[in-house]
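**Q** Sequences listed follow chains A and B, in order.
Letter 130 of the first sequence, counting from 1, is numbered 129 in numbering that gives the first Met the number 0, and no numbers are missing.
Letter 112 of the second sequence, counting from 1, is numbered 111 in numbering that gives the first Met the number 0, and no numbers are missing.
Ideal Cβ positions, reconstructed from N, Cα and C, are used throughout, including at glycine.
Because the structure is a prediction, the values reported are computed rather than measured.
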Amino acid sequence: MTNPAPFEVRRATRDSTDNYLGGVAAGLARHLDLPVIWIRVGFVLTAALGGMGIALYAGLWMVLPTDERFSDEAPGLASARRTGKRPGRTRRMADMGPTIALGALAFGIVIMVESVFGRGALFWPIVLGIVGVALIWRQADEAQRERWLNSSEKVDPVRALFGSGTWASYARILAGGALILGGLGVFALTSGGVHLAREIVVASLLGVLGLALVLGPWVFRLAADLGEERAERVRSQERADVAAHLHDSVLQTLALIQNNASDPATVARLARAQERDLRTWLFAEHKEEGESIAASLRALTAEVEDAWSVTVETVTVGDTPVTEAVWPIVHATREAMTNAAKHAGTGKIDVYAEVSPSAVEIFVKDRGRGFDPESVAEDRQGVRGSIVARMERHGGSAQIRSTPDVGTEVVLRMPLQEEKS
Amino acid sequence: MTKVVIVDDHAMFRAGVRAELQNAAAPGVLDIVADAEDVPTAVAAIREHRPDVVLLDVHLPGGGGVEVMRQLGHGDTKFLALSVSDAAEDVIGTIRGGARGYVTKTITGPELVAAIKRVSEGDAVFSPRLAGFVLDAFAGSIEVAAVDEDLDRLTEREREVMRLIARGYAYKEVAKELFISVKTVETHMSSVLRKLQLSSRHELTRWASDRRLL
């Protein structure tokens, strides 16, 4: 390719779909483009170096955002999700398996260390404390994810901790808090007896309560102001986006339809074009033409539908950037689609493209008039020149299967060899 | 007579489908017994009327069409998803939820009647687009929330069938092309559906959670 890919900043995020303990390792693996197992082994190995791995993991968990916020869904889908018209991600018991296994493993290691080194006075309090902190962080992740999912919601410090307040979120916070306090208590017990333990626990509880009382109102007010401002901005931006799109597309088309109400063909063509446009806007990922085969075929579909007043159903499986090697098959497809639209005499064309690592295959099928491929005159260049010869010149193949009165199918195949540079 | 319930949150669309079906179907073929506008009313209507086929909108207040199928569990009722969205996640998610077919709202009346008939007889309705998504899902290029890698593989024959459907072939033409009977094509379709919908683990969990054992 001659034009270099535009520079894009790669952001490191935590992987919210593959999370044992926050998904730090999975996110890092994606960012560094390494197998996730290497990262995990790396953390375990560095953890043995005086706990450096653990500290690193905790630090990354604190600093890295979850990837939830970078998912930009098509507006129609996002809105349907916000209003509860689509199901959310379902969690299954089976997903818990690895987590339970990890927990059991950690427990076993703890027991083993105990049996080898004897009861360390510091060991259990630290383990309890770490588990407690991890639980609370885990809940904060969950709350953050929910916040990003419904963007119009206000910032609320209570929600920031509890999310939408399911029993699981309360249980996590309670268990986490209890574990931290328990860790403190165990530490105090082993070092100074029941009396001291009680005092330490009570003192720390009082400390937390005091801080909350002093800082609470201020945090609440700040969050409320911030939240309202943000919600207002998001709302007005969204409204402006939708309005602009409606104005550019739907309103203009409706005006044209009113003017052409007596001409069914034009109305149908306008409605079809509008539907295609809205559908892509609402439900499809946006990709520039030329970036991918799927996008190029979408553009071709639009072109043929508008030019010949036919319906083209395009299905693509897999995708690849359109390179020098792929252009001939796109051009041949255009020719095949145009032929079908012009000569088949039916209103419908099926286009199916499949991109596998080894080849691009495109099938253009209609159920129209059909013809006898043998009887096409030598001087007709449409099929022979634009499709068969073009494909063969570029190392591909084209096959035309047609039966009179049944229909025609053009089979195009272009092998893809990975260019070694 | 096939009993049908229409579930959609837009009253105008419900009325339109009802009129379209009554126009397109021969008298005495379809009996539209009820319609519903969200998850609770849909569940109530289906429990009351026990229809053969439910035309189910995918985007539905109260958790979507998938939620309706989840609450009803397994029964004799077949679900045909009818949606304006042709996003991959919606299509595959609904099929995984238990729908026997998926058509978009641009479908014509006679096609819809044919699809309802086919679903009520226990067959699957695969539009070219649905077949394309299935191939994409199995090839791993669509991110679907819960994928069981060990089960998500199509046999060579099922793949061939799906490709022909995606190319716009009718069941009869697929059978002719591959020198197999239409019945065999339908068997392949059902096994594709089965592979999409459940693994034994998933099925077990669902069975247990439906009965509040988890």
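Residues in the region 71-86 of chain A with C-beta within 8 angstroms of chain B's C-beta atoms, listed in sequence order?
**A** Answer in chain order: ALA73, GLY75, LEU76, ALA79, THR82, GLY83, LYS84, ARG85 and PRO86.
**Q** At the 8 angstroms Cβ level, is A/GLU312 part of the contact set with chain B, yes or no?
**A** Position 313 of the first sequence, counted from the start, is the residue given in the question as residue 312 of chain A. So yes, A/GLU312 belongs to the interface.
**Q** Report the start-end ranges of each alpha helix (DSSP H) in the region 262-321 of chain A that is 4 residues or longer and not cut off at the edges.
**A** The region 262-321 of chain A contains these whole alpha helix (DSSP H) runs: 263-282 and 292-307.
**Q** For B/ILE141, which residues from the same chain have a beta carbon less than 8 angstroms from its beta carbon, with the 5 sequence-adjacent residues on both sides left out?
**A** The count along the second sequence starts at 1 and reaches residue 141 of chain B at position 142. Caution applies to B/ILE141, whose pLDDT of 47 falls short of 50 and renders its modelled position unreliable; the model cannot decide the point.
**Q** Going by alpha carbons, who is nearest to A/ALA24 out of A/ALA340, A/GLN398, A/GLY58 and A/GLY317?
**A** Taking the first residue of the first sequence as 1, we reach residue 24 of chain A at position 25. Checking every option, the nearest Cα to that of A/ALA24 belongs to A/GLY58.
**Q** Can you give me the Cβ contacts of A/THR300 inside the same chain, cut-off strictly under 6 angstroms, excluding the 5 residues immediately before and after it?
**A** Here residue 300 of chain A corresponds to residue number 301 of the first sequence, with the count starting at 1. Closer than 6 angstroms at the Cβ level, and outside the excluded window around A/THR300, lie VAL311 and THR313.
**Q** For A/TYR351, go through chain B and note every residue whose CB falls closer than 8 angstroms to its CB, in chain order.
**A** As a first step, residue 351 of chain A must be located in the first sequence, where it is residue number 352. Within 8 angstroms Cβ-Cβ: PRO127, GLY131, ARG162, ALA165, ARG166 and GLY167.
**Q** Under three-state DSSP, which class holds A/GLU353?
**A** As a working mapping, residue 353 of chain A is identified with position 354 in the first sequence. It is a strand residue.
**Q** Output, in chain order, the set of chain B residues within a Cβ distance shorter than 7 angstroms of A/LYS453.
**A** Chain A is shown from 0 up to 420; residue 453 of chain A falls before or after that span and cannot be answered.
**Q** Which value, in whole angstroms, describes the spacing of the CA atoms of B/THR105 and B/THR1?
**A** The residue given as residue 105 of chain B occupies position 106 in the second sequence. The residue given as residue 1 of chain B occupies position 2 in the second sequence. Going by the C-alpha atoms only, they are around 22 angstroms apart.
**Q** Is the region 26-38 of chain A touching the region 198-217 of chain A, taking contact as three or more C-beta pairs under 8 angstroms?
**A** These segments do not touch.
**Q** Please report the distance separating the alpha-carbon of B/ALA80 from that of B/THR103.
**A** For this step, residue 80 of chain B is matched to residue 81 along the second sequence. For this step, residue 103 of chain B is matched to residue 104 along the second sequence. Using only the alpha carbons, I get a separation of about 8 angstroms.
**Q** B/ASP147 by DSSP, collapsed to three states: which one?
**A** Here residue 147 of chain B refers to the residue found at position 148 of the second sequence. Because the pLDDT of B/ASP147 is 45, which lies under 50, any placement of that residue in the model is unreliable, and the number read from its coordinates should be weighed accordingly. Coil at B/ASP147, not helix or strand.
**Q** In chain B, which residues lie less than 9 angstroms from A/GLY317 when you measure between Cβ atoms?
**A** Residue numbering aside, residue 317 of chain A sits at position 318 when the first sequence is read from its first letter. What A/GLY317 touches in chain B: LEU134, ASP135, ALA138 and SER140.
**Q** So what does DSSP say about A/PRO414, is it helix, strand or coil?
**A** For the purposes of this step, residue 414 of chain A is taken as residue 415 along the first sequence, with counting starting at 1. Reduced to three states, the DSSP call for A/PRO414 is strand.
**Q** Taking DSSP as the reference, what is the three-state secondary structure of A/PHE69?
**A** For the purposes of this step, residue 69 of chain A is taken as the residue at position 70 of the first sequence. For A/PHE69, the predicted model reports a pLDDT of 49, less than 50, meaning its position is unreliable; a value from the coordinates is still stated below. Looking at A/PHE69 - three-state DSSP - the assignment turns out to be helix.
**Q** Which residues does DSSP list as the beta-bridge partners of B/PHE78?
**A** By 1-based counting over the second sequence, the position of residue 78 of chain B is 79. According to DSSP, which records beta bridges pairwise, B/PHE78 is partnered with B/VAL53.
**Q** Taking the beta strand (DSSP E) that A/PHE362 falls in, what are its first and last residues?
**A** As a first step, residue 362 of chain A is located in the first sequence; it is residue number 363 there, counting from the start. Here the beta strand (DSSP E) through A/PHE362 covers 358-365.
**Q** Report yes if the C-beta of A/ALA79 is less than 7 angstroms from at least one heavy atom of the ligand GTP; otherwise report no.
**A** With respect to the ligand GTP, the structure shown offers nothing to examine, as it has no ligands at all.
**Q** Can you tell me whether DSSP reads A/LEU101 as helix, strand or coil?
**A** For the purposes of this step, residue 101 of chain A is identified with residue 102 of the first sequence, where counting begins at 1. Helix.
**Q** Taking the continuous alpha helix (DSSP H) assigned at A/THR252, which residues delimit it?
**A** Within the first sequence, the letter at position 253 stands for residue 252 of chain A. Residues 251-258.
**Q** Can you give me the Cβ contacts of A/ASP447 inside the same chain, cut-off strictly under 6 angstroms, excluding the 5 residues immediately before and after it?
**A** This structure leaves residue 447 of chain A out entirely; chain A is present only between 0 and 420.
**Q** Residues of chain A with a CB under 7 angstroms from the CB of B/GLU66: which are they?
**A** The sequence position of residue 66 of chain B within the second sequence is 67, counting from 1. Within chain A, the residues near B/GLU66 are PRO86.
**Q** According to DSSP, what are the bridge partners of B/GLY100?
**A** By one-based count along the second sequence, residue 100 of chain B stands at place 101. According to DSSP, B/GLY100 bridges with B/LEU79 and B/VAL124.
**Q** Please list, in chain order, the chain A residues whose beta carbon lies closer than 8 angstroms to that of B/LEU54.
**A** Taking the first residue of the second sequence as 1, we reach residue 54 of chain B at position 55. Neighbours of B/LEU54 on chain A: none; closest Cβ ~16 angstroms, over 8 angstroms.
**Q** Reducing DSSP to helix, strand and coil, say where B/ALA25 ends up.
**A** Locating residue 25 of chain B in the second sequence gives position 26, where the first residue counts as 1. The answer is coil: DSSP assigns B/ALA25 none of H, G, I, E or B.
**Q** What number of angstroms, rounded off, separates the C-alpha of A/LYS419 from the C-alpha of B/VAL173?
**A** The residue given as residue 419 of chain A occupies position 420 in the first sequence. The residue given as residue 173 of chain B occupies position 174 in the second sequence. Residue confidence is low: A/LYS419 scores 40 on pLDDT, short of 50, so the model does not pin down where it sits. Its coordinate-derived value is still stated next. Those two C-alpha atoms are separated by around 39 angstroms.
**Q** Once the 5 residues before and after A/VAL320 are set aside, which same chain residues still bring their CB inside 7 angstroms of it?
**A** Taking the first residue of the first sequence as 1, we reach residue 320 of chain A at position 321. For the sequence presented, residue 320 of chain A should be read as Pro rather than Val. Cβ within range, chain order: GLU290 and SER291.
**Q** For B/LEU59 and chain A, any beta-carbon pair shorter than 8 angstroms?
**A** Numbered from 1 along the second sequence, position 60 holds the residue referred to as residue 59 of chain B. B/LEU59 counts as touching chain A.
**Q** Any idea what DSSP makes of A/ALA11, helix, strand or coil?
**A** For the purposes of this step, residue 11 of chain A is taken as the residue at position 12 of the first sequence. A/ALA11: coil per DSSP, three-state reduction.
**Q** Does DSSP classify B/PHE132 as helix, strand or coil?
**A** Taking the second sequence and counting its residues from 1, the one referred to as residue 132 of chain B is at position 133. In the structure shown, B/PHE132 sits in a helix (DSSP, three-state: H, G or I).
**Q** How should B/ILE115 be labelled, buried or exposed, when 16 other C-beta atoms within 10 angstroms of its C-beta is the threshold for buried?
**A** Position 116 of the second sequence, counting from 1, holds the residue named residue 115 of chain B. The residue in question, B/ILE115, is buried, as its Cβ has 16 or more Cβ neighbours within 10 Å.
**Q** Please classify B/ALA86: does DSSP put it in a helix, a strand, or coil?
**A** Numbered from its first residue, the second sequence carries residue 86 of chain B at position 87. If DSSP states are grouped into helix, strand and coil, B/ALA86 belongs with coil.
**Q** Can you round the beta-carbon distance between B/LEU153 and B/PHE137 to whole angstroms, since I take them to be within the 8 angstroms contact cut?
**A** If you number the second sequence from 1, residue 153 of chain B lands on position 154. If you number the second sequence from 1, residue 137 of chain B lands on position 138. The Cβ separation is near 5 angstroms, so the contact holds.
**Q** Residues bridged to A/GLU408 by DSSP?
**A** Numbered from 1 along the first sequence, position 409 holds the residue referred to as residue 408 of chain A. Note: A/GLU408 sits in a beta bridge opposite A/LYS364 and A/ARG400.
**Q** How about A/LEU269 and A/THR252: are their beta carbons less than 8 angstroms apart?
**A** Against the first sequence, residue 269 of chain A aligns to sequence position 270. Against the first sequence, residue 252 of chain A aligns to sequence position 253. Closer than 8 angstroms, so yes.
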